[in-house]
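One structure is given here, and the rest of the page talks about it.
In my numbering, the protein residues as written are 1 to 617.
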């Protein structure tokens, strides 16, 4: 939705998300026992996780519990996408083995989650733990369903794990079991997905990366795009050759958007501040060791208090009937995590989850958690439109001091909306009154309107379900589980102007690898100059530099006979030196300029090497 005015079309949102396989919001503590049931709570709690890759919320919440808390958790995870089913199922099978070494189990789980290929060591470990558990399942599944195709929609439950530690009940229909088993036991000779094509289709433009990231940060991103292995920057990924079945489904086409960064699935500030990892600029190295510590702590807490997890794959509109049918127990949950599904199917989320949420009389802290952003601006409420129009007005006129200090106005009113306004527009979006927008959205009769109860229902006015009381839901006035708007995912660094030039970036790539073919692929993928052109430019620049040094160091004559001519020579030499200095000064503020690029690169390169010492070490 946008507004057409004298400045042209100004979008309500100044960003357009590229497709990504990874969840766009971070894992959260969905229990927060200290502020809800209490820091010493030791009763049962039932959790329903239906957002993408809900296992991360469970691990994060379980690790974050107070040491004095000792609840008995009954967890139901419902995954909709096949890759999320695979990585959740395989990682839970590994975690359910109590006698396994914690460090080895954590390493294997992390590679199941994020690495597109495994090393022989990882493959051997996973096969040892998982293959024997799944070996006899195929026969049981075929025996249960037989040739009756009408039964294939029914679920067949299989129990895994260690009682008193971690017990996993998998409730899958025939189609899901067939997918999981066929994918895991598929031939190793599978076609590796074209990561270059995925980057071009889903990745952010190289120019934006170069503008917004430091060289070390951008180099880590390029390495991730190239190999897709979650390892520290300095560690070779050549030993990772076994395709991860999670990301190579039966159609062998790979997972769309997998080359995007997976950092969004975990709290960015915690990854960046993870001090036990010494290379402060190696964000993927930090992520690996951060996750490894989370998994190890998760397993340690399981030994003190066991957990029961039920994993299923059920459509959202069938969930309210599916859970009571197969769980054979009360379907009331103390926490329901919906995630970004609410962004696309808000009405269905309310209808499906309301019958499953525990009543506030039984647990005042029972809560359904949703994540939304763009959808709340679609409310046809005058106040919402006024707030958005005021936001666009402040693109050209003075507003609060914070915005004026960080992003001063760049264009005058009447000028065309362009990329020059994006930083200011983004800052204004972050300053929105999201609580009012969300309140208006929930009370918009267009989305959630039903007739108010009365004798003649057809004559009753339409009102939001938040007013009519249908479904028994009400919005919390104060969030007690998570912060209202905690997941603001920004770039790690807004790079300083002229912090790195294109030529410096090429040099940095060459420093990071001795493999010329990898460098060529980087340049071909991200729109860089060709290797041949770079070589010709380098030879030309070295020749010019040599000539300039010789001319500058030309010996001076001191005999009196040539004094008249020496003044001219001295002036000429001085002019050459001044010209070289002026060239350096004038082009030091210009990126990618052919004239004087040699001096600019040397100057920038000295700054860069000092800034990125941590990563190269």
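Positions of the beta carbon are idealized from the N, C-alpha and C atoms, including for glycine.
Predicted model, so just to flag it, every value in this text is computed and none were measured.
| request: Would you list, in sequence order, the uninterrupted beta strand (DSSP E) runs of no fewer than 3 residues that lie entirely inside the segment 367-424? | output: 367-370
| query | Under three-state DSSP, which class holds residue 314? | reply | coil
| request: Let me know the secondary structure DSSP gives residue 628 once reduced to three states. | output: The displayed coordinates of the chain run from 1 to 617. Any statement about residue 628 would go beyond what the structure contains.
| Beta-carbon contacts of residue 377 that lie in its chain and below 6 Å, excluding the five residues immediately before and after | 12, listed in sequence order.
| said: I need the boundaries of the alpha helix (DSSP H) containing residue 216, first residue and last residue. | reply: 215-227
| query | In the structure shown, what three-state DSSP assignment does residue 150 receive? | reply | helix
| said: Considering only DSSP beta bridges, list what residue 170 is partnered with. | reply: 158, 311
| query | Which whole-angstrom value is the C-beta distance of residue 311 and residue 332, which I expect to be below 8 Å? | reply | Between residue 332 and residue 311 the Cβ distance is about 19 Å, and since that is not below 8 Å, they are no contact.
| query | What whole-angstrom Cβ distance do residue 90 and residue 44 have, given they're in contact under 8 Å? | reply | With 8 Å as the limit, residue 90 and residue 44 do not qualify as a contact, their Cβ atoms being about 28 Å apart.
| query | With 16 other CB atoms within 10 Å as the buried threshold, where does residue 234 fall? | reply | exposed
| request: Give me the Cα-Cα distance between residue 182 and residue 304, rounded to the nearest whole angstrom. | output: 36 Å
| field | The beta strand (DSSP E) enclosing residue 449, as first and last residue numbers | value | 449-451 is the extent of the beta strand (DSSP E) around residue 449.
| said: The beta strand (DSSP E) that contains residue 241, what's its start and end? | reply: 240-243
| task | For residue 76, write down the residues that DSSP places opposite it in a beta bridge. | result | 48, 310
| message | Looking at residue 119: is its Cβ nearer than 9 Å to the Cβ of residue 242? | response | yes
| Extent of the continuous beta strand (DSSP E) to which residue 337 belongs | Under the DSSP assignment, residue 337 falls in the beta strand (DSSP E) whose first and last residues are 335-339.
| task | Mark residue 283 as exposed unless 16 or more other C-beta atoms lie within 10 angstroms of its C-beta, in which case mark it buried. | result | With a threshold of 16 other beta carbon atoms within 10 Å, residue 283 meets it and is buried.
| said: On the DSSP bridge list, what partners appear for residue 325? | reply: Per DSSP, none; premise fails for residue 325.
| task | Indicate the three-state DSSP secondary structure (helix, strand or coil) for residue 90 in the structure shown. | result | Three-state result, residue 90: helix.
| Taking C-alpha atoms, which residue in 185, 254, 379 lies nearest to residue 443? | 379
| said: Assess contact between the segment 153-160 and the segment 257-268, defined as three or more Cβ pairs (one per stretch) separated by less than 8 Å. Is contact present? | reply: no
| So, is residue 161 buried or exposed, given that buried needs 16 or more other C-beta atoms within 10 angstroms? | buried
| field | Identity of the residue in 186, 40, 272 nearest residue 624 by Cα | value | Here the chain has residues from 1 to 617 only, and residue 624 is not among them.
| said: Quick check on DSSP: helix, strand or coil for residue 186? | reply: coil
| said: Nearest by alpha-carbon distance to residue 431: which of 199, 407, 101, 293 is it? | reply: 407
| field | Presumed contact (8 Å Cβ cut-off) between residue 365 and residue 176, rounded CB distance | value | Not confirmed; about 33 Å, so no contact.
| query | Do residue 375 and residue 337 have their C-beta atoms closer together than 9 Å? | reply | no
| message | Beta-carbon within less than 8 Å of residue 18's beta-carbon, same chain only, minus the 5 sequence neighbours each way: which residues are those? | response | 202, 203, 204, 257, 260
| With C-beta atoms as the reference, is residue 320 less than 9 Å away from residue 295? | no
| said: I'd like to confirm the pairing. Which residues does DSSP put opposite residue 464 in its beta bridges? | reply: Beta bridge pairing from DSSP links residue 464 with 449.
| Looking at C-alpha atoms only, which residue of 476, 169, 101 is the closest neighbour of residue 370? | Residue 476 is the option with its Cα nearest to residue 370.
| Reduced DSSP category for residue 22 - H, G, I as helix; E, B as strand; rest coil | coil
| task | Might you give, ordered along the chain, the residues of its own chain that have their beta carbon closer than 7 Å to the beta carbon of residue 209, omitting 5 neighbours on each side? | result | Around residue 209: 218, 221.
| Which residue's Cα is closest to the Cα of residue 15: 111, 423, 103? | 423
| query | Within 10 angstroms of its Cβ, does residue 35 collect 16 or more other Cβ (buried), or is it exposed? | reply | exposed
| Which one of 216, 328, 50, 440 has the shortest CA to CA distance from residue 281? | 216
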